[in-house]
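Data block below; observations after.
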Amino acid sequence: MAGFQDVHLPLRSISMPPRLQPDSLKVVSDLKKLKSFDFPCTAEAIREKMTILADIFVRVQDMLSSPLTEKVIAKPGNGELIEGALDGSIAVIDACEQARDLLLMLREQVREVQSSIRRSRGGTDSSSLERQIKSFICFRKKAKREAAKHARVLKKASEGSGGCPSMAEPESSQLDIVIFKVLKDVNDISGSVIKALLDSLSATRVSPKSTGRWSIVSRLMLTSHPQERLGSLTEVESVDSALFSILQSKNDAAGVDLKKTQKKLETLEGCILGFEEGMQSLFKCLIQYRVSLLNVLTS
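Numbering (the numbering used here), first residue to last: 846 to 1144.
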């Protein structure tokens, strides 16, 4: 019997699948961490997530400029997936623009209230403060409706923002799956950050004790589900509470510390400015991301 050394088996050349650069692969890890990061809905946490996301977009841009990515996207079966990613990016960009508009309007409302408080403390035009507070409250109610509407749009976009090819598909590979998962995740996480911002701006949690002519205002400022929101007040909720106290003082003559209210308004204004800076950066990232997708698709 011939020994094993006399048996010649045909050898098949095995080539390793193409791989992305380490920096591009880090995108997958960072997106996974960001998705699993259960952060509080505070201004600081939201801004931190915006900063992390902006860094991720830089590496996503590098990934999209890779020849390997271009080959994956050029596969006939992947056209629908890239179209889904493009559609998802449009929804996120639109929501980002709406959030920026709400921030601008809120900042204008804050400054109007600040101006009214200064006039009131100076002993002139004190009646304008009451009118301005009611205007602020009405805006907050409108902002809450707008935020809820955009949140629904983002959720729908996330559900239809493309997907990932299956390994069961003949032309798919692990590389295909990684690339399209990144494209979907970056849309979804961008949307979740914007939603967190909208939720923060639309938060209302004040427990009025008085009735009578302020009952309508009281209902405007009450949250629909107060038991679901525990913990410390956000910056905007803190202002809500202070302004409502001013309205209550009209009835019980207890008075309020307008200096403290001004301080809370200044804190909120600084928070808004930080959000605006973060949203502007995110908006630019989203536009560049969409342009890169279109360039790869048409190249």
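Don't be surprised by glycine CBs; every beta carbon is placed ideally from N, CA and C.
Exposure label - residue i; buried when at least 16 CB within 10 Å
| i | result |
| --- | --- |
| N1140 | exposed |
| R990 | exposed |
| C941 | buried |
| K1109 | buried |
| E1080 | buried |
| S961 | buried |
| M846 | In this prediction, M846 scores a pLDDT of 49, lower than 50, which makes its location untrustworthy; the coordinate-derived value is nonetheless stated afterwards. Classification for M846: exposed. |
| D946 | exposed |
Top-ranked residue by Cα proximity to residue i, from the options
| i | options | result |
| --- | --- | --- |
| V872 | D900, T896 and E1004 | D900 |
| E915 | A888, I1024 and C1130 | I1024 |
| K880 | T887, M895 and E889 | M895 |
| A1087 | E925, A930, F981 and A992 | F981 |
| Q1133 | S874, Q906 and I962 | Q906 |
| K1026 | T887, R892 and M908 | M908 |
| A1002 | L948, F1089 and S934 | S934 |
| S1094 | E975, M950 and R956 | E975 |
| L913 | D939, T1143, L1131 and L1020 | L1020 |
| F984 | M950, S972 and Q1107 | M950 |
| S973 | E1082, V937 and E957 | E957 |
Spatial neighbours of residue i in its chain, beta-carbon cut-off 6 Å, leaving aside the 5 residues before and after
| i | result |
| --- | --- |
| S931 | Per the sequence presented here, residue 931 reads as Leu, with Ser not at that position. Once the five neighbours on either side are set aside, the close Cβ partners of L931 are L1138. |
| L1028 | A930 |
| R966 | L1103 |
| E1114 | V955 |
| C1116 | A888 and E1080 |
| D1030 | L876 |
Neighbourhood of residue i by C-beta, 8 Å cutoff - its chain only, sequence neighbours within 5 removed
| i | result |
| --- | --- |
| L856 | Caution is warranted here: a pLDDT of 42 is assigned to L856, below 50, making its placement in the model unreliable, and the coordinate value is therefore given only provisionally. Excluding positions up to five away in sequence, the list is empty. |
| T887 | S1045 and T1079 |
Close-in-space but distant-in-sequence residues of the same chain around residue i (CB under 7 Å, 5 per side omitted)
| i | result |
| --- | --- |
| E944 | Here residue 944 is Ala; the residue named in the question, Glu, does not match the sequence. Excluding positions up to five away in sequence, the list reads I1039, L1042, L1043 and M1124. |
Just checking, does the segment 1027–1041 make contact with the segment 901–914 on the three C-beta pairs under 8 Å criterion? yes
Would you be able to state if there are at least three C-beta pairs under 8 Å between the segment 917–932 and the segment 994–1001? no
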